[in-house]
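Only one structure is covered here, and it is reproduced in the block below.
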Amino acid sequence: MVQNAKAGRGKFQIRDGMNLFDFSYVGNTAYAHILAAKALIRESNAADPIAEVSKVNGEAFVVTNDKPWPFWDFTRTIGAAAGYPAKKDEIWVILATTYCSFGIVSEWTVWIISPRRRESVINHQMVRYLTMTRTFDISKPKERLGYAPQVTMQEGIDRAFARTLRVLCCCDNVEVYHRP
Numbered sequence: 001m002v003q004n005a006k007a008g009r010g011k012f013q014i015r016d017g018m019n020l021f022d023f024s025y026v027g028n029t030a031y032a033h034i035l036a037a038k039a040l041i042r043e044s045n046a047a048d049p050i051a052e053v054s055k056v057n058g059e060a061f062v063v064t065n066d067k068p069w070p071f072w073d074f075t076r077t078i079g080a081a082a083g084y085p086a087k088k089d090e091i092w093v094i095l096a097t098t099y100c101s102f103g104i105v106s107e108w109t110v111w112i113i114s115p116r117r118r119e120s121v122i123n124h125q126m127v128r129y130l131t132m133t134r135t136f137d138i139s140k141p142k143e144r145l146g147y148a149p150q151v152t153m154q155e156g157i158d159r160a161f162a163r164t165l166r167v168l169c170c171c172d173n174v175e176v177y178h179r180p
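Okay, so the sequence shown: first residue is 1 according to this note's numbering, each after it adds one.
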């Protein structure tokens, strides 16, 4: 995402940009793992059998921040946090069919020029990913683990980039972009 923003691609989006995505801050994911470990210990120490609707052992859990973001807002927020903001009035909305057609032409061109050695940066399959809504129901980890996100996505982005910039730049007073 940062490389795309740096290359100026943060100014483009496919469709209206309202497709929602569930993201998860890594600290929240780690927190869910700790809750799962504690629940597994409780289960293993339980004198009575655990009801199927409450058990954790052998179960899969999907964990997110529980606040889906419009996909393109998220990518632009990441780009802005990295120092490559895209102004709302500079955003170009591209039709999915146009992008798909461009992707197919790009794939064929790369294939002809360098068969089996390189992949096109843009391909027609990206259209599906970049335009789909991908949200998840996290009621299971909430109920069985007591999970609730501890850090908002914006705060997570701020933390990640402030730390990265401190490490890279050796500076402590880093300004961080905040989502409008």
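The beta-carbon is built from N, C-alpha and C at its ideal position, and this holds for glycine as well.
Mind checking residue i: buried by the 16 CB within 10 Å criterion, or exposed?
i      : result
Ile138 : buried
Met132 : exposed
Arg163 : exposed
Tyr63  : It is Val, not Tyr, that sits at residue 63 in the sequence shown. It is buried - the Cβ of Val63 has at least 16 other Cβ atoms within 10 Å.
Ala32  : buried
Trp69  : buried
Cys171 : Unreliable placement is indicated for Cys171, whose pLDDT of 48 sits below 50; the coordinate value is still reported in the next sentence. Cys171 is exposed by the Cβ-count criterion.
Gly156 : buried
Asp158 : buried
Ile34  : exposed
Thr109 : exposed
Tyr147 : buried
Helix, strand or coil for residue i, going by three-state DSSP, please let me know.
i      : result
Arg118 : coil
Val93  : strand
Phe21  : strand
Thr98  : helix
Which residue marks the beginning of the alpha helix (DSSP H) containing residue i, and which one marks its end?
i      : result
Ile14  : It is not in any alpha helix (DSSP H) - Ile14 instead sits in the beta strand (DSSP E) that spans 12-14.
Met126 : 125-131
Asn45  : 26-45
Asp73  : 71-81
Locate the beta strand (DSSP E) running through residue i, then write down its first and last residues.
i    : result
Val2 : Looking at the DSSP string, Val2 is not in any beta strand (DSSP E); the run it does join, the alpha helix (DSSP H), is 2-6.
Any idea which residues DSSP pairs residue i with across the strands?
i      : result
Leu145 : Partner(s): none; Leu145 has no beta bridge.
Trp111 : Trp111 pairs with nothing; no bridge assigned.
Arg134 : Phe21
Closer than 8 Å is the cut-off here; do at least three beta carbon pairs connect the stretch 51-67 with the stretch 4-16?
no
Give a yes or no on contact between the stretch 45-54 and the stretch 120-134, applying the rule of three or more CB pairs nearer than 8 Å.
no
For the pair the stretch 24-35 and the stretch 89-98, tell me if three or more CB-CB distances fall below 8 Å.
no
Would the stretch 10-19 and the stretch 82-93 be scored as touching if the rule is three or more Cβ pairs under 8 Å?
As far as the Cβ criterion goes, the stretch 10-19 touches the stretch 82-93, which means the pair count is three or higher.
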